[in-house]
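Below is one structure; the comments refer to it alone.
Numbering (the numbering used here), first residue to last: 2 to 235.
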């Protein structure tokens, strides 16, 4: 038998045994403050980037899309071939876009500056500490993220700019969509913890048992106590 046929057969067996975790994220109140990019006279030298503010028509949909979901458990390969590459956070209109991404440990992220002003990217997070310095439009700098954890990004030049990189221990990760749906595909049989994380609400965990070929459904209700203030979406 030729090698391609052997590989195809192995992939078929794996797909027959693997399952999907289908989930729903339920959020019933806004967790994040409306974000405004403030005007600063120093930025106005030359053609300045536009000043923008959030105009979200459905704030709950935006909250659901800010929830990172991933899988933890034995037997899930980390790093190596499972690491996602090519992730990108742009510096545009005095913001980081997107404001949250999810990557596997070992992946790299590029940070292109698309504004006609200098920007900076730095993090003081224990998961990954770095400072890329100040650089102009057209320049791109890249950082590798070898360790799982939460990485908060800021810009020394513009205090309103913030973003988050969620680095997960393996490739079974995703963001919720605006409807609150998410899917983790090709999960091998075993006992796992499904983790959901929102910047304002924190961590939520469910224990799941995956058996061969049987999809599983789960739901995360993400609350915020009434006496907690909204977290700024900067």
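All residues carry an ideal CB built from backbone N, CA and C; glycine is no exception.
Reducing DSSP to helix, strand and coil, say where residue 157 ends up.
coil
Does DSSP put residue 96 in a helix, a strand or coil?
Assigned with DSSP and collapsed to three states, residue 96 falls in strand.
Residue 110: which of 120, 154, 119 sits nearest, CA to CA?
Distances from the CA of residue 110 to each of 120, 154, 119 were compared; the closest alpha carbon is that of 154.
Alpha carbon to alpha carbon, what distance is there between residue 117 and residue 199?
32 Å
Beta-bridge pairing of residue 124 - partner residues as DSSP gives them:
131
If you draw a straight line from the alpha carbon of residue 133 to that of residue 108, how long is it in whole angstroms?
17 Å
Taking contact to mean at least 3 C-beta pairs separated by less than 8 Å, is the segment 25 to 37 in contact with the segment 119 to 136?
no
Output needed for residue 184: all residues of its chain with C-beta closer than 8 Å, excluding positions within five of it in sequence on either side, in chain order.
21, 22, 23, 24, 175
What number of angstroms, rounded off, separates the C-alpha of residue 43 from the C-alpha of residue 63?
Confidence in residue 43 is poor, its pLDDT being 48 and thus under 50, which makes the residue's placement too unreliable to answer from.
Got a sec, what are the start and stop residues for the beta strand (DSSP E) residue 137 sits in?
Run containing residue 137: none; DSSP gives neither H nor E here.
Are there 16 or more other CB atoms within 10 angstroms of the CB of residue 98, so buried, or fewer, so exposed?
exposed
Compare the beta carbon distance of residue 65 and residue 177 with 8 Å and say whether it is the shorter of the two.
Taking 8 Å as the cut-off, the Cβ atoms of residue 65 and residue 177 count as close.
Whole angstroms are fine: how far does the CA of residue 145 sit from the CA of residue 90?
If you take the alpha carbons of residue 90 and residue 145, they lie about 13 Å apart.
Let me know if residue 159 comes out buried or exposed under the rule of 16 or more other beta-carbons within 10 Å of its beta-carbon.
buried
Among the residues of its own chain, which have a CB less than 6 Å from the CB of residue 18, if the five just before and after it don't count?
213
How should residue 92 be labelled, buried or exposed, when 16 other C-beta atoms within 10 angstroms of its C-beta is the threshold for buried?
Buried.
Who are the Cβ neighbours of residue 207 in its own chain at under 6 Å, not counting the five residues just before and after it?
195, 219
Going by other Cβ atoms of all chains shown within 10 Å of its Cβ, with 16 needed for buried, is residue 169 buried or exposed?
buried
With DSSP collapsed to three states, give me the class of residue 23.
strand
Can you tell me whether residue 1 is buried or exposed? The criterion is at least 16 other CB atoms within 10 Å of its CB, across all chains shown.
Missing from the structure shown is residue 1; the chain here goes from 2 to 235 and no further.
Coarse secondary structure for residue 81, derived from DSSP in three states:
Residue placement at residue 81 cannot be trusted, given a pLDDT of 47 that sits under 50; what the coordinates show is reported in the next sentence. Residue 81: helix per DSSP, three-state reduction.
Does residue 227 come out as helix, strand or coil in the three-state DSSP assignment?
Only weak support exists for where residue 227 lies, its pLDDT of 48 falling under 50; the value from the coordinates is given anyway. Coil, per DSSP.
With distances taken between CB atoms, is the gap from residue 114 to residue 94 smaller than 8 Å?
no
Under the three-state DSSP convention, the category residue 215 falls into:
coil
Taking the straight line between their C-alpha atoms, what separation do you get for residue 215 and residue 74?
Using only the alpha carbons, I get a separation of about 18 Å.
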